[in-house]
Amino acid sequence: MNKGAAREFEAAIKRDPNYVPALIALGDLNFKAGRWDDAESYYRKALAASPNDPVAANNLAMVYLTKGEKLEETERLAKLALNQDSNLRPYIQETLATLYVKQGRLEEAQIALKEAEAIVRPGHSALQERLRKLRHEIDN
Numbered sequence: 000m001n002k003g004a005a006r007e008f009e010a011a012i013k014r015d016p017n018y019v020p021a022l023i024a025l026g027d028l029n030f031k032a033g034r035w036d037d038a039e040s041y042y043r044k045a046l047a048a049s050p051n052d053p054v055a056a057n058n059l060a061m062v063y064l065t066k067g068e069k070l071e072e073t074e075r076l077a078k079l080a081l082n083q084d085s086n087l088r089p090y091i092q093e094t095l096a097t098l099y100v101k102q103g104r105l106e107e108a109q110i111a112l113k114e115a116e117a118i119v120r121p122g123h124s125a126l127q128e129r130l131r132k133l134r135h136e137i138d139n
């Protein structure tokens, strides 16, 4: 985890405990470091401060998917994020497709994946690679 960045974000939330960008950034740093419980805590705080934040909602859904728990809540959070006016739509559709694959809901996974594939922008290579892997998983 980038400790310098983490210190900066922690300082920001000491000044304002409801500063959503810093809460999300700390959630992201912890998620990338595999600290799922810490990531969950930061995303929950972000949602408490801003209940309709699509980034916090989708990222918390990804934590639950990664942990393999609260799958109904995962779907609710992803759909909440999807209903916001957001550029995150391909990422949220990826979240839903991943959830549906885990649940064996392959028709719904196909629909979500097709939408994500149709709207992902060029240059988003990490997302494109994850979508390719999901496509392979669904098709095989």
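Here numbering that gives the first Met the number 0 is used: the first residue of the sequence shown is 0, the next is one more, and so on.
C-beta: ideal position from N, C-alpha, C; glycine also.
How about A77 and L95: are their beta carbons less than 8 Å apart?
The residue labelled residue 77 in the question sits at position 78 within the sequence shown. The residue labelled residue 95 in the question sits at position 96 within the sequence shown. Yes, the Cβ-Cβ distance between A77 and L95 is below 8 Å.
I'd like the ranges of any alpha helix (DSSP H) spanning at least 4 consecutive residues and lying wholly in the stretch 48-97.
53-66, 70-81
D36 by DSSP, collapsed to three states: which one?
Residue mapping note: residue 36 aligns to position 37 of the sequence shown, counting from 1. D36 falls in the helix class under three-state DSSP.
One question on the structure: do N57 and L98 come within less than 8 Å of each other, judged by their Cβ atoms?
Position 58 of the sequence shown holds residue 57. Position 99 of the sequence shown holds residue 98. In this structure, L98 does not lie closer than 8 Å to N57 by Cβ.
Could you tell me whether the stretch 35-52 touches the stretch 16-23, where touching means 3 or more Cβ pairs closer than 8 Å?
The stretch 35-52 makes contact with the stretch 16-23; the number of CB pairs closer than 8 Å reaches 3 or more.
Who are the near neighbours of V62 in its chain, counting only those whose CB is closer than 7 Å to its CB and skipping five residues on each side?
Position 63 of the sequence shown, counted from the start, is the residue given in the question as residue 62. Answer for V62: F30, W35, A38, E39, Y42, listed in chain order.
Which residue's Cα is closest to the Cα of A108: E74, L25, Q83, A11?
The sequence position of residue 108 within the sequence shown is 109, counting from 1. Selected option, being the one with the closest Cα: E74.
Hey, would you say A55 sits closer than 8 Å to I23, going by beta carbons?
Against the sequence shown, residue 55 aligns to sequence position 56. Against the sequence shown, residue 23 aligns to sequence position 24. It is a contact, given that the beta carbons lie within the stated cut-off.
Have a look at V100, A80, G26, A4 and flag the residue whose alpha-carbon is nearest the alpha-carbon of G67.
The sequence position of residue 67 within the sequence shown is 68, counting from 1. Taking only the C-alpha atoms, the option nearest G67 is V100.
Check whether the Cβ atoms of Q83 and P53 lie closer than 8 Å to each other.
By 1-based counting over the sequence shown, the position of residue 83 is 84. By 1-based counting over the sequence shown, the position of residue 53 is 54. It is a contact, given that the beta carbons lie within the stated cut-off.
Expressed to the nearest angstrom, what Euclidean distance is found between the alpha-carbon atoms of S85 and N139?
Counting from one through the sequence shown, the residue named residue 85 turns up at place 86. Counting from one through the sequence shown, the residue named residue 139 turns up at place 140. Those two C-alpha atoms are separated by around 32 Å.
Taking the alpha carbon of E116 as the point to measure from, which residue in Q102, G103, I91 has its own alpha carbon closest?
Numbered from its first residue, the sequence shown carries residue 116 at position 117. Closest option to E116, Cα to Cα, is I91.
Check whether the Cβ atoms of L28 and E9 sit closer than 8 Å, and answer yes or no.
Numbered from 1 along the sequence shown, position 29 holds the residue referred to as residue 28. Numbered from 1 along the sequence shown, position 10 holds the residue referred to as residue 9. No, Cβ-Cβ distance for L28 and E9 is not below 8 Å.
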